[in-house]
Amino acid sequence: MIKVAINGYGTIGKRVADAVAAQPDMEVIGVSKTSVSAEAYIAKERGYPLYIADLSKKPAFEKAGIEVAGDVDAMLKAADIIVDATPGGVGEKNRPIYEKLGKKAIFQGGEDHEVAGFSFNAHANYNEAAGKQFARVVSCNSTGLVRVIHALDQAFGVARVRAVMVRRGADPDDVKRGPIDAIVLNPATIPSHHGPDVRTVLPQIDIVTLAMIVPTTFMHMHTIQMDLKKETTREEVLKIFEDHSRIGLVRKATGIKSNAQLREYTQDLGRPRTDLWENGVFEESVSILNGKEFYCFQAIHQEADVIPENIDCIRALMGTVKDPEESIRMTNEALGLVAIG
Ligand code: NAD
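The working numbering puts the first residue of the sequence shown at 75, with every later residue one more than the last.
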């Protein structure tokens, strides 16, 4: 069993912890929190040993009925690998600690590529993780882009990508960012950071991205256009997406045309926390014009799509499963990820 510590038990960390606990080959040896919160109660409820950075806060946790297993240092020392899910920028500060302890670690998309020097996506570059100490799972938007671009690049070659990201304003629980009533250019300059981030995984791709933020909390919506190198048909592209275990097709017959309806659908499917782990590509939007021009809309659940990637990244860095497809299959099976559509 791979001993996994999750440093930072928030939106991403709590999902990674549950996903690790569901795998047959890894276990959660601890999670960390900085202060007493609803998530600390959830860690207790799940039975995850809870560690804190500042032991002077231990009485506050105990007063709230939450047992503290020790300080974060002790948790890190007991781990084979650390998933750092602290807020963006904190991971960079944690890196020297992991280095000193000689521990493998996975950072999230809020950190720069340089924090690990290697950015990860299971379908695109699993085998390149072998022997590395650090990896970074690219952000939710970049993960969603990499999945579709890589799939079509493998099949037809991608000459160039132009994409617009309509981004959620905040995560559902992030009340301090709202209420909001605006469409904010993110940034007003072009390109946005997403294209360069995709190139940390797929350096050969010519990609320009634009982004804006809108007042919604569940899911980003992408408009993607790619020029392919070979001519193809809509049917061939749909077949590639159907066969991809982390691209889901939102079927026309469902009548779903928004993030709100898609969220209701994942809720009705009984997904934990309504998580959509795969890309939600709208079947109706998938188009091939003039033989080589690809277009689609896809929904990306910001809290969820990076979770299976973190799990595969653990195996890739630990070197315990050599075949990416085998790891992806194990992860999907343990999560219950049968691509929608
Ligand atoms: P979050 O604020 O929900 O959770 C962060 C957790 O880290 C909190 O539980 C907090 O208690 C803990 N924490 C805060 N400061 C800490 C410190 N100094 N040391 C240890 N723990 C600390 O953040 P999040 O949304 O889960 O984001 C985590 C990372 O994942 C970021 O890099 C972010 O960019 C990335 N990410 C977030 C999303 C998203 O939509 N939320 C999607 C993809 C990637």
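Every residue gets a Cβ at the ideal spot worked out from N, C-alpha and C, and that includes glycine. Computed from a predicted structure; not experimentally measured.
Quiz item: Any idea what DSSP makes of residue 278, helix, strand or coil?
Solution: Residue 278 falls in the coil class under three-state DSSP.
Quiz item: Any idea which residues DSSP pairs residue 242 with across the strands?
Solution: According to DSSP, residue pairing for residue 242 in a beta bridge involves 288.
Exercise. Pull up the distance between the alpha-carbon of residue 274 and that of residue 378, whole angstroms please.
Key: Each residue's alpha carbon lies about 21 Å from the other.
Exercise. Give the single residue among 261, 337, 398 and 415 whose Cα lies nearest to the Cα of residue 324.
Key: Nearest C-alpha to residue 324: 415.
Exercise. With the ligand NAD as the reference, list in chain order each residue whose Cβ lies under 6 Å from any of its heavy atoms.
Key: Selection output, chain order preserved: 81, 82, 83, 84, 85, 86, 87, 106, 107, 108, 113, 127, 159, 160, 161, 162, 164, 182, 183, 184, 185, 213, 214, 245, 376, 377 and 380.
Practice problem: Return the CA-CA distance between residue 110 and residue 165, expressed in angstroms with no decimal places. | Solution: Pairing residue 110 with residue 165, the inter-Cα distance amounts to about 21 Å.
Practice problem: Please confirm whether residue 295 and residue 373 have their CB atoms less than 8 Å apart. | Solution: Against a cut-off of 8 Å, the Cβ pair of residue 373 and residue 295 comes out as a contact.
Practice problem: For the segment 87-115, list the beta strand (DSSP E) runs that are entirely contained and at least 3 residues long, ordered along the chain. | Solution: Entirely contained in the segment 87-115, the beta strand (DSSP E) runs reaching 3 residues are, in chain order, 100-107.
Quiz item: Hey, residue 126 and residue 102: beta-carbon distance below 8 Å or not?
Solution: Not closer than 8 Å, so no.
Quiz item: residue 248 to residue 83, Cα distance in whole Å?
Solution: Those two C-alpha atoms are separated by around 15 Å.
Quiz item: Does the Cβ-Cβ distance between residue 124 and residue 105 come in under 8 Å?
Solution: Yes.
Quiz item: Is residue 200 helix, strand or coil by DSSP?
Solution: Of the three classes helix, strand and coil, the one that applies to residue 200 here is helix, per DSSP.
Quiz prompt | One or two residues paired with residue 355 in a DSSP bridge | solution = 323 and 372.
Quiz item: Buried or exposed: which applies to residue 183, given that a residue is buried once 16 or more other Cβ atoms fall within 10 Å of its Cβ?
Solution: By the neighbour-count rule (16 or more Cβ atoms within 10 Å), residue 183 is buried.
Quiz item: Under the three-state reduction of DSSP, which class applies to residue 422: helix, strand or coil?
Solution: For the chain, the structure presents residues 75 to 415; residue 422 sits outside this window and is missing.
Exercise. Return the CA-CA distance between residue 359 and residue 293, expressed in angstroms with no decimal places.
Key: Between residue 359 and residue 293, the C-alpha separation is close to 17 Å.
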